[in-house]
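Chemist: Quick note: the sequence shown uses my numbering, first residue 854, plus one each step. This structure is in structure tokens; I'll ask about it shortly.
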Amino acid sequence: MKTYRFHDIQSHINRHNLLTPLDVLLVGGTGTGKSSTLNALFESTIAKVGDGVDPETQKISDHSLHDYLRFHDSAGLGDGKENDYNHSKNITWELLKICIDDKNDEYGFIDLVMVLLDGGSRDLGTAFNLLESVVLRSIEPQRIIVAINQADMAMKGRHWNYHVNKPEPELIKFLDEKSLSVKKRINESTGLNINKPIYYSAKFSYNINALVDHIIHHFPKNRRIVNNT
Ligand SMILES: Nc1nc2c(ncn2[C@@H]2O[C@H](COP(=O)(O)OP(=O)(O)O)[C@@H](O)[C@H]2O)c(=O)[nH]1
Ligand SMILES: [Mg+2]
């Protein structure tokens, strides 16, 4: 993925005079697959999988794909009330962070937030809550991306073709419906009108190109102004 659409990414940033790199913050409940998603995007083990509950990893860590795109892995929510409170605070703090350009003007440090959902779970409450009470309070809706991981588990592993690591038609249909229903439910619970979420599987590196396409599609056209007052 380091070379995938590199020139598109580079030229978008130059054309719109954005600050480099573009910074994408990954958020989502523990176990949705944030670390696995990073590993799939980087095609190597850069983040530890399955250690969301380790207090050591509750900090936000950053990973540069290349000079133009950087990801930030926030540890997940859903590890208990006190941890959730700290996570929410960390995310808010990260979203309000600013950087200063060579003319001494201030801009938001994070350009985009990608909210990850677990496609294998029926409970989307944690993610919706996070969207509503944390993310949407600190960043404009156009800068929010929603993506569904664990596409392979959406029907509990049924209709996933393990030989080619792709969904069979039944599962594709199910996933398409699921992503439309997520779009609809987000609209009902937050008023937010997002694009239809992409679905992918970090574990089987399925649709990772489409995930990058989805991110590029949401690239901002201007630098982010943060109103801290
Ligand atoms: N079946 C399946 N399991 C996944 C996928 N992505 C992550 N997992 C598993 O889900 C668990 C949590 O993943 P992790 O990346 O640590 O989630 P995080 O807490 O959001 O960083 C691990 O056991 C992963 O192997 C996926 O696409 N499919
Ligand atoms: Mg993790």
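The C-beta atom is built at its ideal place from N, Cα and C for all residues, glycine as well. For clarity, every value in this text was computed on a predicted model and none was experimentally measured.
1) Express the C-alpha separation of S991 and G884 in angstroms, rounding to a whole number.
2) To the nearest angstrom, how far is the alpha carbon of I899 from that of N892?
3) Does DSSP put H845 in a helix, a strand or coil?
4) Assign L1045 to one of three DSSP states: helix, strand, or coil.
5) Is G884 helix, strand or coil when you go by DSSP?
6) Classify L1052 as helix, strand or coil using the three-state DSSP reduction.
7) Are the CB atoms of K855 and L918 nearer to each other than 7 Å?
8) Determine the DSSP secondary structure at A1000, reduced to helix, strand or coil.
9) Are the beta-carbon atoms belonging to L965 and G881 less than 7 Å from one another?
10) For ligand 2, any of its heavy atoms closer than 6 Å to the Cβ of K887?
11) When the Cα atoms are used, what is the spatial distance from N1075 to K956?
12) In the DSSP assignment, the beta strand (DSSP E) including S914 goes from what residue to what residue?
13) Following the continuous beta strand (DSSP E) through H925, name the residue where it begins and the one where it ends.
14) In three-state DSSP terms, what is I1068?
15) Suppose the cutoff is 6 Å on Cβ atoms and the five residues either side in sequence are ignored; what does the same chain contact list for P908 look like?
16) Threshold first: 4 residues or longer. Then list the alpha helix (DSSP H) segments lying entirely within the region 957 to 997, N to C.
17) Is DSSP giving Y1015 helix, strand or coil here?
18) Distance, Cα to Cα, N1018 vs A1007?
19) Excluding the 5 residues preceding and the 5 following C952 in the sequence, name in chain order all residues of the same chain whose CB lies nearer than 7 Å to its CB.
Modeler: Taking the structure as given:
1) For the purposes of this step, residue 884 is identified with residue 31 of the sequence shown, where counting begins at 1. For the purposes of this step, residue 991 is identified with residue 138 of the sequence shown, where counting begins at 1. Each residue's Cα considered, the two are about 24 Å apart.
2) Position 46 of the sequence shown holds residue 899. Position 39 of the sequence shown holds residue 892. Taking the straight line joining both Cα atoms gives about 6 Å.
3) In the structure as shown, the chain starts at 854 and stops at 1082, and residue 845 therefore has no counterpart that could be examined.
4) Residue mapping note: residue 1045 aligns to position 192 of the sequence shown, counting from 1. In the structure shown, L1045 sits in coil (DSSP, three-state: anything other than H, G, I, E or B).
5) Stepping through the sequence shown from its first residue, residue 884 is reached at position 31. Of the three classes helix, strand and coil, the one that applies to G884 here is coil, per DSSP.
6) For this step, residue 1052 is matched to residue 199 along the sequence shown. It is worth fixing the name first, because residue 1052 is Tyr in this sequence and not Leu. Three-state DSSP puts Y1052 in a strand.
7) The residue you call residue 855 lines up with position 2 of the sequence shown. The residue you call residue 918 lines up with position 65 of the sequence shown. A contact, by the Cβ cut-off of 7 Å.
8) Within the sequence shown, the letter at position 147 stands for residue 1000. The three-state reading of DSSP puts A1000 in strand, counting E and B together.
9) Position 112 of the sequence shown, counted from the first residue, corresponds to residue 965. Position 28 of the sequence shown, counted from the first residue, corresponds to residue 881. Not in contact: L965 and G881 (Cβ atoms no closer than 7 Å).
10) Position 34 of the sequence shown, counted from the first residue, corresponds to residue 887. Yes, the beta carbon of K887 sits closer than 6 Å to at least one heavy atom of ligand 2.
11) By one-based count along the sequence shown, residue 1075 stands at place 222. By one-based count along the sequence shown, residue 956 stands at place 103. Each residue's Cα considered, the two are about 16 Å apart.
12) Translated into positions along the sequence shown, residue 914 becomes position 61. DSSP places S914 in the uninterrupted beta strand (DSSP E) bounded by S914 to H919.
13) In the sequence shown, counting from the first residue as 1, residue 925 sits at position 72. Membership of H925 in the beta strand (DSSP E) is indicated by the continuous run L922 to D926.
14) Here residue 1068 corresponds to residue number 215 of the sequence shown, with the count starting at 1. Helix at I1068.
15) Counted from its first residue, the sequence shown places residue 908 at position 55. Only weak support exists for where P908 lies, its pLDDT of 48 falling under 50; the coordinates are left without a value.
16) Here the runs fully enclosed are 978 to 983.
17) The count along the sequence shown starts at 1 and reaches residue 1015 at position 162. In this structure, Y1015 counts as coil in the three-state DSSP scheme.
18) On the sequence shown, position 165 is the one that residue 1018 refers to. On the sequence shown, position 154 is the one that residue 1007 refers to. Within the model, the alpha-carbon separation for N1018 versus A1007 is close to 14 Å.
19) On the sequence shown, position 99 is the one that residue 952 refers to. Sequence-distant partners of C952 (beyond 5 residues in either direction) whose C-beta falls short of 7 Å from its own C-beta, in its chain, are L872, Y960 and F962.
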